[in-house]
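Notes for the one structure printed next.
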Amino acid sequence: MTNWAETRAAHGDRTALPPEAYTSEELAALERKHLFQRGWIVVAHVSQLCSAGDYITYNLANHPIVVARGRDRVLRAFSNVCAHRSAIIAKGSGNRTVFQCPYHAWTYDLAGKLIAAPHMEREAVSGIRLKRLGLEVWHGLVFVNLYADAPPLAPDLDGLGSVTAPYRIAEHRVVMCEDMEIACNWKLFIENFCESYHVFSVHPETLEPGTATTSTEILPGGTGYNHHLMMNGSETLRVAAGRLGLPSNGPTPLHILCFYPASAISFDSGEAVLSSVVPTGVNTSRVRLWRTVLPDVDGTDSQEQAERSNAAIRTFMAEDRAVIEGMQKGLAAGTGNHAPQHPWETTNWEFAQYLMRRLGIVLP
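For the sequence shown, the numbering used here begins at 10 and goes up steadily by one.
Next comes the structure, spelled out in structure tokens:
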């Protein structure tokens with residue numbers, strides 16, 4: 010458990026970001042330019058893209074993208090906007106042999122290369138392709154950057170591989186993937202996901218009984234992430250931990266990681282909850298939420314059990330949503346966010362430092 014005195018001695022009194030950080034159109038424009046148009050965002054888990062032709066779509070701050078597995082088994086990301094007249098090419102997710110624009114039937118292969126343009130001279134459209142984007146897979150999580158030549162992701166996550174590797178997240182499979190519109194600034198969602206001070210109050214029946222707020226431990230962060238954990242005494246998780254070769258003679262950790270700017274994951278020895286959030290306005294955001302599990306070695310995962318767990322995720326997400334949407338209304342008054350933060354909110358202070366570095370601004 011975090012020691013209050015030690016943390017305060019190390020970091021001093023801290024407050025949250027000022028209210029205008031969540032309501033300013035000017036700051037929102039800076040965030041779109043410097044964070045979302047240049048940052049690495051989680052858009053999928055590799056289990057959604059196993060076979061040639063598998064694809065997913067995502068809207069990254071008004072930039073429609075598609076990620077697809079090619080016939081050569083290579084995973085690629087490219088713009089989901091036709092090179093001809095900017096129509097959106099693909100919707101949702103699924104499996105295709107080609108991508109065809111609905112407007113003039115221009116057709117692209119799974120690598121984004123134009124292979125057919127009806128009634129056009131071949132020479133006129135030679136070499137045309139959908140804009141390539143940056144893509145990296147890190148422990149099963151598919152990150153995309155709008156720039157194909159973006160700086161690599163790995164240095165920002167330096168040191169985390171040893172934390173995640175024993176949990177075999179790359180071997181998970183997705184059992185829930187849903188989008189959710191929320192009426193608040195995107196930062197409220199990511200801050201809420203990445204601090205556990207609120208668990209005892211917001212989730213007294215859903216989360217607190219299994220992962221008590223007082224078990225929170227803040228762990229060292231890095232240039233591209235923050236990290237904390239809570240402890241869970243579940244017998245099921247102890248068994249799962251043993252199966253992974255992890256310590257299983259007591260409570261097992263629930264790790265919570267925030268990947269800057271706007272993705273986060275919580276995982277234990279049995280499952281993971283993954284999210285990415287993008288702004289749709291200053292006061293509105295869209296969240297994509299995944300739940301993944303490590304399949305039982307004996308194949309006894311049941312649909313009924315999965316649905317119960319998925320329903321539990323939706324319940325505590327609704328609890329969070331009610332609070333953070335209310336906070337957005339309170340922030341409009343401009344009179345809050347000046348009291349000291351608890352040491353269990355240290356991760357949000359680290360997030361604020363990241364924002365100031367990337368945006369080139371100074372916040373109180």
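For glycine and all other residues, C-beta sits at the position ideal for the given N, C-alpha and C.
Residue burial classification, Glu187 (beta-carbon count within 10 angstroms, cutoff 16):
exposed
For Met374, the three-state DSSP class (helix, strand or coil):
Any question about residue 374 goes unanswered here, given that the chain covers just 10 to 373.
For Asp307 and Arg295, what's the separation of their Cα atoms in angstroms?
Note on Asp307: pLDDT 39, under 50, position unreliable in the model; the coordinate value appears next. Spanning the two alpha carbons is a distance of roughly 37 Å.
Phe45 to Asn154 span [Cα, whole Å]:
8 Å
So, using beta-carbon positions, are Trp49 and Phe268 closer together than 9 Å?
yes
Whole angstroms is fine: what's the gap from Leu216's alpha carbon to Pro260's?
15 Å
For Ile370, three-class secondary structure by DSSP:
coil
Distance, Cα to Cα, Thr309 vs Val151?
Annotation note: pLDDT 49 at Thr309 (below 50); position unreliable, no value reported.
Inter-residue Cα distance where the pair is Leu364 and His128
49 Å
Three Cβ pairs or more, each shorter than 8 Å: is that satisfied between the region 218 to 232 and the region 317 to 324?
no
With distances taken from CA atoms, which of Gly290, Leu368 and Ala348 is nearest Glu34?
Gly290
Here's a check: name, in chain order, each residue in its chain whose Cβ is nearer than 7 Å to the Cβ of Val134, leaving out the five neighbours to either side.
Leu123 and Ala126
Excluding five sequence neighbours on each side, which residues of the same chain lie with their C-beta closer than 8 Å to the C-beta of Ser243?
Gly219 and Thr261
Closer than 8 Å by C-beta to Ile333: which residues in its own chain qualify, once you throw out the five before and the five after it? Chain order, please.
Ile191, Cys193, Leu197, Phe198 and Asn201
How about the region 86 to 93 and the region 65 to 77: do they share at least three Cβ pairs that are nearer than 8 Å?
yes
Residue-level contact to chain C via CB, Ile322, 9 Å cutoff:
Although the question refers to chain C, the structure presented lacks it and comprises just one protein chain.
Among the residues of its own chain, which have a CB less than 6 Å from the CB of Thr173, if the five just before and after it don't count?
His148
Near the ligand PLP: Leu58 beta-carbon under 8 Å from a heavy atom
For the structure depicted, the ligand PLP is absent and the ligand set is empty, with no information on it obtainable.
Given Thr245 as reference, the closest of Pro349, Gln350, Leu26 and Asp305 once Cα atoms are compared:
Asp305
Roughly how many whole angstroms lie between the Cα atoms of Val302 and Arg131?
48 Å
Member of Ala61, Ser95 and Leu340 whose CA lies at the smallest distance from the CA of Ala77
Ala61
Using a Cβ-Cβ cut-off of 6 Å (strictly less than) and excluding sequence neighbours within five positions of Val208, which residues of its own chain qualify?
Leu216, Glu217 and Thr222
So, at 7 Å on beta carbons, what are the nonlocal neighbours of Ile97 in its own chain, with the 5 sequence-adjacent residues on each side left out?
Pro73, Asn89 and Val90
Suppose you measure from the CA of Ser95 to the CA of Pro175; what does that come to, to the nearest Å?
44 Å
With a floor of 4 residues, list each alpha helix (DSSP H) that falls wholly inside the region 231 to 297, ordered by position along the chain.
244 to 252
For Cys186, which residues does DSSP report across the bridge?
Trp299
Quick check on the burial criterion: 16 or more other C-beta atoms within 10 angstroms. Buried or exposed for Pro161?
exposed
Contact check, Leu263 vs Leu169, beta carbons under 9 Å
no
For Tyr67, the nearest candidate out of Asn258, Ser285, Thr293 and Met240 (CA to CA)
Ser285
In angstroms, rounded to a whole number, what distance separates the CA positions of Gly254 and Ala281?
18 Å
Can Asp2 and Ala120 be called in contact, C-beta distance under 9 Å?
No statement about residue 2 is possible, as the shown extent of the chain runs from 10 to 373 and does not include it.
Any alpha helix (DSSP H) of 4 or more consecutive residues that is wholly inside the region 145 to 208:
170 to 173 and 195 to 202
Tell me whether Asn12 is buried or exposed, calling it buried when 16 or more other Cβ atoms sit within 10 Å of its Cβ.
Any reading at Asn12 must be qualified, since the residue scores a pLDDT of 43, below 50, and its modelled position is unreliable; no value is offered.
Within 10 angstroms of its Cβ, does Tyr156 collect 16 or more other Cβ (buried), or is it exposed?
exposed
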